[in-house]
Structures are given as C-alpha cells and as structure tokens.
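Q: To convert, note that position 254 of the sequence shown is 254 in full-length UniProt numbering; the numbers rise steadily by one, no gaps.
The beta carbon of each residue, even a glycine, is placed where N, CA and C say it ideally should be.
Following this message is one structure expressed as structure tokens.
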Amino acid sequence: MTWEDMYPRERLLIGKLMEGLIHVQTLSELVRCVEEFLASLIAADCMALCVSRPGPARGYDWLVARMLPAFFDRAPEWGGCDFVQDAVALHPNTVMRDEDMISREDLERNSMYRISHEMGMPLEQVMSIMLTVPGQTWHGGFTAYRTRPRPFSEREQGLLQYVARLLAITIQKCRMFLEGALHGGLFESLAREQNVALLVLSPPSEIIKETAPVSALVSKWFSPKECAPSGIPRELLETCASLVERSAAGTWVRENEEAGETLTVTFTPFTRADGPAYWQLKFQETHHPMLVTWLKKLTPKETQIAQLLLQGKSDKEIAALAGCEVGTVKKHLRSIYGKTETSGRAEFIAKALKKPE
1 MTWEDMYPRE RLLIGKLMEG LIHVQTLSEL VRCVEEFLAS LIAADCMALC
51 VSRPGPARGY DWLVARMLPA FFDRAPEWGG CDFVQDAVAL HPNTVMRDED
101 MISREDLERN SMYRISHEMG MPLEQVMSIM LTVPGQTWHG GFTAYRTRPR
151 PFSEREQGLL QYVARLLAIT IQKCRMFLEG ALHGGLFESL AREQNVALLV
201 LSPPSEIIKE TAPVSALVSK WFSPKECAPS GIPRELLETC ASLVERSAAG
251 TWVRENEEAG ETLTVTFTPF TRADGPAYWQ LKFQETHHPM LVTWLKKLTP
301 KETQIAQLLL QGKSDKEIAA LAGCEVGTVK KHLRSIYGKT ETSGRAEFIA
351 KALKKPE
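Listed below in structure tokens is the structure:
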C-alpha cells in the first residue's frame, strides 16, 4: 500500500493520525489518537495496544479502546491458546489477519474466542501486528477486532501496515518521554507550563516524584485525617486502585462552592521499561468567576435573565427575549440581586465576572 494507492478519505484519516501522533507523549494519549482515527480507517469495533514488561516472567501492560480491559485480565486462562501472539511473534512488524493465523473451525474452539463470547463482546475477526524498534529490548503490539463475522480486507491490512512503523516509533517516544520526565527537568517544566501540580505514583502508594505545589494543594483540600501515612489522600489512592484494576485513565473532582473553587485530579497510567506502570496524578485547581458560583443559586429562568443582563439588555429587551412581561423581569431581577447579595444592575455586572478573593 502506497500513498498514491489510497482513496482521499484514507489519506485524510492517515494525515490526521500522523498529525495527532506528533503531539502524543503517553501511551494513553496514543490509544485515544488511534481510537479517533485508526478505528475509522480500518473499520475496527475495538482495539488493544500492549507493551512488554521486562524480566523473566515477561507479560504485558494492556491499554484498550472500546472493549473491556477485563478480557486481558483473563489471559492466564488462555494457556497456550493465544494464536494471535504465536502468529505475529513469528513475523514481527508484519500485519496479519486471523485467516493467516488460524482456521475458522479452530478459532471457534479457541479459549480466547470462547471467553470473549462469555464476556458479551464476541471477537469474531482479528488483525494484529507485533511492533519492534531496532536496538530496543521491548516489543509492543497492536490488535484490531470486529465483533461480527466480517473479515478484515487486504486493503485494511495494507493501511495498517502503512502506519505500523509510525506506531512503533510513537511507543518508543512515549517511553523515552516518561523516563526523561522522571529523571530530568522535563517533569517540573511540564508542570510549570501547564500550571498544574504533578505526582507520579507506583501503586498502591509509593511516591516516585512530585512537584512542590502538590503538598500545598493536599493541605488545602484535605484534612490530615483524610490522608494515608504516605501523605496522599486515601480517597485518591482508592480511586487510583480502582483505575489500576480497569487499566483506565480517570478523574476525581472536589468542589468548594463557598470559595468558588474546584480541584480536579486526573489519573493517567505510564507504562515503563522496568516494571509495572506508574500513574501520574495531575492536580489542577480552578478559580471560577463569581458568575459561575452564582448561577448555581439561580433558577433556570433567573439564569437566562442574568445572562441577558450581562449582555447589557434593558428590562424591556430582556422581557422580549425571555418571553415574559416586564413586570415579571423586574420580579426575577429582585430575586437575582437578593441571592447574589448585590444592590442592583451595576453591582451585579461589576462583580459577576470577578474572580473570588
């Protein structure tokens, strides 16, 4: 498959995929990028990306899109029946379809096939590739699945082959970025650029690295009783443990309505070279304009009128746009001023877009 052989839609999707991969820095971001563009390119119902672990036991860290992570938790049940790995390991960096790996009759008797049906996500068709980079001891894999019996075509095989080397290079980039971020100055500079606090955790609770603002935010948002001996809030450790089980990224949010602030913690797994995945916790504190806080106190109709008020509309104009009488508008405005503790139109507008002190 060459660029000239592709249809315009295929070129567009591959172009977007390439553009997206330029900005990818983590394997989770890679999976999201692949899901957005590659799934459409090869018409896959679900996909999985894996990266090998070091050591004699080997094994893989799995990241999935549109499928249950628990499927790979049952890998020990497959025993010697992983026909996909057996096939692609013999032909690294070459895309293979299930018809190249196993007969249909043997597929339907296979443990992987049976387990997928038991879990309610029948994996009827498979297309996979083992990804390697010269000089590296790790290897990865990308597998696309269909949940209905419609084989992947030779054309789709060629399209995946076209982007395979780029996928392998991007995995290597993600690994290098993580190692550099942890052991160099990238970690701190990334936190400063994004105006966030970062913490890297080795589950269940070992702190690998953190930026200075983490402790201040934890002290502000959590009481000492809420924290584990490691200093990390127990609620965050519990959230992380749950996400580790599902191999899924996630977020945790706490609101302080009185202060007009929100703390958002984003959890992202990082597959690394020398052991199980680390998890990055990104702490981001948001200060809301007073209007955001106020709107939580207002009724839907009062919210509509408040928004029109901020646009500089007169009572008459508000009445026309809100579909009510001028007298009703005045009644709503009195209620709005009372709930927001403002004396009238001028003070309301002046304070509405001001951040809390």
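Spatial neighbours of S111 within its chain, please: C-beta separation below 8 angstroms, excluding the five flanking residues on both sides.
A: Counting only Cβ-Cβ distances below 8 angstroms, and skipping sequence neighbours, we find E77, W78, G79 and C81.
Q: If you count every other CB in all the chains shown that lies within 10 Å of the CB of L90, and 16 or more means buried, which is it?
A: Exposed, since its Cβ has fewer than 16 Cβ neighbours within 10 Å.
Q: Tell me whether S202 sits in a helix, a strand or coil according to DSSP, three-state version.
A: Strand at S202.
Q: Applying the criterion that 16 or more other CB atoms from any shown protein chain within 10 Å of the CB defines a buried residue, is Y7 buried or exposed?
A: Exposed: under 16 other Cβ atoms inside 10 Å.
Q: Would you mind sorting W3 into buried or exposed? The rule is 16 or more other CB atoms within 10 Å of its CB.
A: Exposed: under 16 other Cβ atoms inside 10 Å.
Q: Would you say the stretch 159 to 178 touches the stretch 100 to 114, given that touching needs at least three Cβ pairs under 8 angstroms?
A: Result no; under three Cβ-Cβ pairs closer than 8 angstroms.
Q: Just the Cα atoms here: how many angstroms apart are A319 and S335?
A: When rounded, the distance between both Cα atoms is 16 angstroms.
Q: Are the CB atoms of L217 and A249 within a distance shorter than 7 angstroms?
A: No, the pair does not count as a contact, with Cβ atoms beyond the cut-off.
Q: Return the chain-ordered list of same chain residues with a C-beta closer than 6 angstroms to the C-beta of V329, the five sequence neighbours on each side being excluded.
A: Same-chain partners within the cutoff: D315, I318 and A319.
Q: Go ahead and label G141 buried or exposed: buried means 16 or more other beta carbons lie within 10 angstroms of its beta carbon, across all protein chains shown.
A: G141 should be labelled buried.
Q: Please report the straight-line C-alpha distance between L17 and R32, rounded to a whole angstrom.
A: About 11 angstroms.
Q: State the DSSP-derived secondary structure class of S215, mapped to helix, strand or coil.
A: Three-state DSSP puts S215 in a helix.
Q: Would you call the stretch 22 to 32 and the stretch 119 to 128 touching, i.e. three or more CB-CB distances under 8 angstroms?
A: The answer is no - the stretch 119 to 128 does not touch the stretch 22 to 32, with fewer than three Cβ pairs under 8 angstroms.
Q: Give every residue of the same chain whose Cβ lies closer than 8 angstroms to the Cβ of D5, excluding the five residues on either side of it in the sequence, and list them in chain order.
A: Taken in chain order, the residues that qualify are G158.
Q: Which residue spans inside the stretch 25 to 88 form an unbroken alpha helix (DSSP H) run of at least 4?
A: Taking only runs of at least 4 residues, the alpha helix (DSSP H) segments lying wholly in the stretch 25 to 88 are 27 to 42, 70 to 73 and 75 to 78.
Q: Quick one: Cα of K351 to Cα of K220, how far?
A: Going from the Cα of K351 to the Cα of K220 covers about 25 angstroms.
Q: Under the rule that 16 or more other beta-carbon atoms within 10 Å means buried, what is A277, buried or exposed?
A: It is buried - the Cβ of A277 has at least 16 other Cβ atoms within 10 Å.
Q: Between V326 and the rest of its own chain, which residues show a CB-CB distance below 7 angstroms, the 5 nearest in sequence each way excluded?
A: Excluding residues within five positions, the ones whose Cβ falls inside 7 angstroms are D315, K316 and A319.
Q: Judging by CA-CA distance, which residue of A75, D73, Q85 and D45 is the nearest neighbour of R66?
A: Taking only the C-alpha atoms, the option nearest R66 is D45.
Q: Closer than 6 angstroms: is that where the CB of A75 sits relative to any heavy atom of the ligand MG?
A: Ligands are entirely absent from the displayed structure, and the ligand MG is therefore not among its contents.
Q: From the DSSP output, read off the bridge partner residues of T128.
A: For the record, residue 128 in the displayed sequence is Ser; it is not Thr. According to DSSP, which records beta bridges pairwise, S128 is partnered with M96 and T143.
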